[in-house]
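Structure first, commentary second.
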Amino acid sequence: MLEDRLEQMSKSCNAVINIGKTFVQEFQKFLKSIYDVRELFASDEVTFKSLAKFGEYLSEIQALFSSLFEQTSNSVLRTLTRMLKEDIRKVKDQGKLFERLSSDYDIALQKNADASKTK
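Under UniProt numbering, the first residue of the sequence shown carries the number 1, and numbering increases by one thereafter.
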């Protein structure tokens, strides 16, 4: 149950990161189009400077988005992946060991109970 939910969370996180990377790529195209439009207004200083400043602000936003998705990938997704591959596996292995030992113990108890009945 926990493993399934963590795996679902990992897949969702991965999807968000991939969509985010696509968003950043499209945002870069949008930013380039702003700079292209800016060049059309080279003779109009106010419009040219306004578009340049707007492009700078959007460029900063794009860098922050890019950083956000990279950090999310590094911290959240890798931690979830490690947890699923290593930590949950250890718990499962311990659970299997417990079940085996419990079964062995039940068999030993049953043999002991049968032995005392025959005496």
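Where a beta carbon is used, it is the ideal one built from N, C-alpha and C, also for glycine.
For a quick check, are the C-beta atoms of PHE48 and PHE41 less than 7 Å apart? In the sequence shown, the residue the question calls residue 48 occupies position 48. In the sequence shown, the residue the question calls residue 41 occupies position 41. It is a contact, given that the beta carbons lie within the stated cut-off.
So what's SER73 in DSSP terms, helix, strand or just coil? Walking along the sequence shown from the start, residue 73 turns up at place 73. In this structure, DSSP gives SER73 a helical state, which the three-state scheme calls helix.
Tell me which residue opens and which closes the alpha helix (DSSP H) that SER33 is part of. In the sequence shown, counting from the first residue as 1, residue 33 sits at position 33. Counting along the chain, the alpha helix (DSSP H) containing SER33 begins and ends at 2 to 40.
Three-state secondary structure (DSSP) of ASP44: Position 44 of the sequence shown, counted from the start, is the residue given in the question as residue 44. DSSP places ASP44 outside both helix and strand once states are collapsed to three, so it counts as coil.
Do the CB positions of ILE19 and SER73 come within less than 7 Å of each other? Taking the first residue of the sequence shown as 1, we reach residue 19 at position 19. Taking the first residue of the sequence shown as 1, we reach residue 73 at position 73. Not closer than 7 Å, so no.
Would a C-beta distance cut-off of 7 Å place PHE23 and GLN62 closer than the cut-off? Counted from its first residue, the sequence shown places residue 23 at position 23. Counted from its first residue, the sequence shown places residue 62 at position 62. Against a cut-off of 7 Å, the Cβ pair of GLN62 and PHE23 comes out as no contact.
Euclidean distance between Cα positions of SER67 and PHE54: On the sequence shown, residue 67 is found 67 positions in, with the first residue counted as 1. On the sequence shown, residue 54 is found 54 positions in, with the first residue counted as 1. Approximately 20 Å between the Cα atoms of the pair.
Which two residues bound the contiguous alpha helix (DSSP H) that contains LEU80? As a first step, residue 80 must be located in the sequence shown, where it is residue number 80. Secondary structure note for LEU80: its alpha helix (DSSP H) is the uninterrupted segment 78 to 82.
Do ALA52 and ARG38 have their C-beta atoms within less than 7 Å of each other? Taking the first residue of the sequence shown as 1, we reach residue 52 at position 52. Taking the first residue of the sequence shown as 1, we reach residue 38 at position 38. Going by C-beta atoms, ALA52 is nearer than 7 Å to ARG38.
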